[in-house]
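Quick note on the numbering used here: the sequence shown kicks off at 682 and runs consecutively.
For glycine and all other residues, C-beta sits at the position ideal for the given N, C-alpha and C.
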Amino acid sequence: EGFPQLLHTCPSSGAETNLMKLTVDRGVSFQAALAKLSTYQEEWQKMERGVSPECGFWVSTYVTNWAQTGMPRVLMATEIWRTSTRGTRTFRIQRPNNCDSLALALPDLSSNYRKATAEEVKELWAFWYEFALQQCDHGLKCKSRAIGAPCTRGMRMSTVCLISGAVLPVWAYIDSVFKAMRHKQSQQFLRVVRTVLLTGERIVGLNIPEEAVEQVVGAVEALDGCEELVAQEGGGCAAR
682 EGFPQLLHTC PSSGAETNLM KLTVDRGVSF QAALAKLSTY QEEWQKMERG VSPECGFWVS
742 TYVTNWAQTG MPRVLMATEI WRTSTRGTRT FRIQRPNNCD SLALALPDLS SNYRKATAEE
802 VKELWAFWYE FALQQCDHGL KCKSRAIGAP CTRGMRMSTV CLISGAVLPV WAYIDSVFKA
862 MRHKQSQQFL RVVRTVLLTG ERIVGLNIPE EAVEQVVGAV EALDGCEELV AQEGGGCAAR
């Protein structure tokens with residue numbers, strides 16, 4: 682509610698900068714995983730490359746009681762073909778709760794997981810897909826939730842705040858906020874995100890942490906005030 686929020690309108694071009702707050706589902710259903718794997722295999726065949734036997738589903742052997750559920754984790758691995766000729770073979774990883782997990786090198790994959798068939802992981806995949814909708818990675822013994830604090834680690838759903846539209850006119854002001862906050866992970870959060878809404882509309886924007894939204898809005902509002910003053914008296918604005 683209240684989004685997208687208009688933050689700034691460029692006086693010279695009329696281009697608008699908006700703040701968007703989206704709820705993103707990063708989960709991958711079992712049927713979606715099968716479809717992704719099939720598409721991957723077809724693409725490799727078109728390139729006349731043999732699909733490596735490591736591509737497909739894997740079950741964890743390292744942690745077999747994840748989040749106190751008595752269940753092992755599962756994943757789907759697809760080889761990043763450019764790495765096959767550069768020494769260590771690396772695989773793109775997708776899990777029931779995350780369509781974009783960190784890539785794994787083959788030694789890490791094979792030492793912590795065992796290869797499994799689609800039929801073998803079907804029920805496990807469905808379990809974790811539903812589990813991640815309500816529970817964090819810590820399960821029922823999450824210390825944060827025990828004291829009433831939120832914890833979304835490992836969950837499918839997350840809130841993403843994006844600055845979309847004309848970002849360049851306000852970039853210096855956004856950057857100044859993070860320098861002032863000395864945010865240790867600012868480089869991780871200040872990244873371009875591409876997403877598709879349920880309506881099919883494609884959105885591209887600059888991802889900022891939710892805790893920085895208030896400061897960013899304040900900085901951009903200060904820019905608006907500066908531009909109004911410039912229009913009246915002449916001169917220029919500078920990010921502080």
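key: alpha helix (DSSP H) runs wholly inside the region 813 to 885, at least 4 long, in chain order   = 824 to 827, 852 to 862 and 867 to 870
query = Hey, does L879 have any beta-carbon neighbour from chain C nearer than 8 Å?
reply = The structure shown contains no chain C; it holds only a single protein chain.
key: Residue closest to M757, alpha-carbon to alpha-carbon, out of D706, Y794, T769 and T876   = Y794
inquiry  = With a threshold of 8 Å, are at least 3 pairs of Cβ atoms found where one atom belongs to the region 747 to 763 and the other to the region 783 to 803?
reply    = yes
query = Taking DSSP as the reference, what is the three-state secondary structure of A713?
reply = helix
inquiry  = Going by C-alpha to C-alpha distance, which of S693, L700, S792 and L849 sits closest to F684?
reply    = L700
ask   = Taking P777 as the reference, which of V732, Q749 and Q712 has the closest Cα?
value = Q712
message = Within a Cβ cutoff of 8 Å, which residues of the same chain sit near H689, ignoring the five residues on either side of it in sequence?
response = E697, T698, A847, P850, V851, V901, L904 and D905
ask   = Between which two residues does the alpha helix (DSSP H) carrying S792 extend?
value = L787 to N793
request  = Use the C-beta contact count for M862: other C-beta atoms within 10 angstroms, 16 or more gives buried, fewer gives exposed.
outcome  = exposed
message = Considering Cα atoms alone, identify which of E760, T771 and A893 is closest to C842.
response = A893
query = How should V885 be labelled, buried or exposed, when 16 other C-beta atoms within 10 angstroms of its C-beta is the threshold for buried?
reply = exposed
key: According to DSSP, residues forming a beta bridge with L756   = W739
inquiry  = With a threshold of 8 Å on Cβ separation, who are the neighbours of L805 within its own chain once the five nearest residues in sequence on each side are excluded?
reply    = V740, M752, P753 and V755
query = With a cut-off of 8 Å, do at least 3 Cβ pairs link the region 719 to 732 to the region 813 to 828?
reply = no
message = Please classify A714 as buried or exposed, where buried requires at least 16 neighbouring CB atoms within 10 angstroms.
response = buried
key: Proximity below 8 Å, CB of L878 to CB of F859   = no
ask   = Nearest to T704 by CA position, among E895, Q896, K803 and N888, is which residue?
value = N888
message = Between which residues of its own chain and K702 is the CB-CB distance below 6 Å, once the five residues before and five after are set aside?
response = F684 and C842
ask   = Could you give the distance in angstroms between the alpha-carbon of Q866 and the alpha-carbon of V873?
value = Residue placement at Q866 cannot be trusted, given a pLDDT of 49 that sits under 50; the coordinates are not used to answer.
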